[in-house]
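The next block holds one structure in the form of structure tokens; read it before the comments.
In full-length UniProt numbering, the protein residues as written are 1 to 124.
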């Protein structure tokens, strides 16, 4: 079973990912704040992380930078309902390798599964 950390302050999104990806062999641990995500990655091993761009406190992009320093080889996907894959911070982050892909909300589970498995397979 794949272990994936989801960082999103929308409980419905966390629930949808947890229920929807379970049949795909993915176990979701979810937290709602960036600070909690940093504690999780220091205490556990994850195969990947899905981080919302817009979080309370630290932005998801800031969280991804901190997590990248803590766990350099962890594949990270960003998710947002406010940003788009073509937005400059997203394009630059993918180009630099800060994260391996982007998921738009609302999403289709098969798209999330495809991106997630590709990010894990290809690595950082």
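All C-beta atoms in this analysis are idealised placements derived from N, C-alpha and C, irrespective of residue type, glycine included. Remember, it's a predicted structure, so these values are computed and weren't measured experimentally.
Meets three-Cβ-pair contact criterion under 8 Å: the stretch 18 to 31 and the stretch 51 to 58: no
Other residues of its chain near residue 38: CB distance less than 7 Å, five sequence neighbours each side excluded: Position 38 of the chain shown, counting from 1, holds the residue named residue 38. Counting only Cβ-Cβ distances below 7 Å, and skipping sequence neighbours, we find 66, 67, 70.
Per-residue burial, residue 142 [other beta carbons within 10 Å of its own, 16 or more giving buried]: For the chain, the structure presents residues 1 to 124; residue 142 sits outside this window and is missing.
Proximity test, Cβ basis, 8 Å: residue 57 and chain B: Absent here is chain B; the protein component of the structure consists of one chain.
Backbone CA spacing between residue 8 and residue 32 [nearest angstrom]: Stepping through the chain shown from its first residue, residue 8 is reached at position 8. Stepping through the chain shown from its first residue, residue 32 is reached at position 32. Their backbone Cα atoms lie some 5 Å apart in a straight line.
Within 8 Å, strictly: CB atoms of residue 41 and residue 74: Within the chain shown, the letter at position 41 stands for residue 41. Within the chain shown, the letter at position 74 stands for residue 74. Yes, the pair counts as a contact, with Cβ atoms nearer than the cut-off.
Residue of 17, 115, 102, 108 minimising C-alpha distance to residue 80: One-based indexing of the chain shown puts residue 80 at position 80. Minimum Cα distance to residue 80 is reached at 102.
Alpha-carbon to alpha-carbon, residue 122 and residue 36: As a first step, residue 36 is located in the chain shown; it is residue number 36 there, counting from the start. As a first step, residue 122 is located in the chain shown; it is residue number 122 there, counting from the start. Whole-angstrom Cα-Cα distance: 27 Å.
Separation of residue 94 from residue 6, as counted between CA atoms: Along the chain shown, one-based indexing puts residue 6 at 6. Along the chain shown, one-based indexing puts residue 94 at 94. So the alpha carbons of these two residues sit roughly 18 Å apart.
Outcome for residue 50 when other beta-carbon atoms lying within 10 angstroms are tallied against a minimum of 16: For this step, residue 50 is matched to residue 50 along the chain shown. Result: buried.
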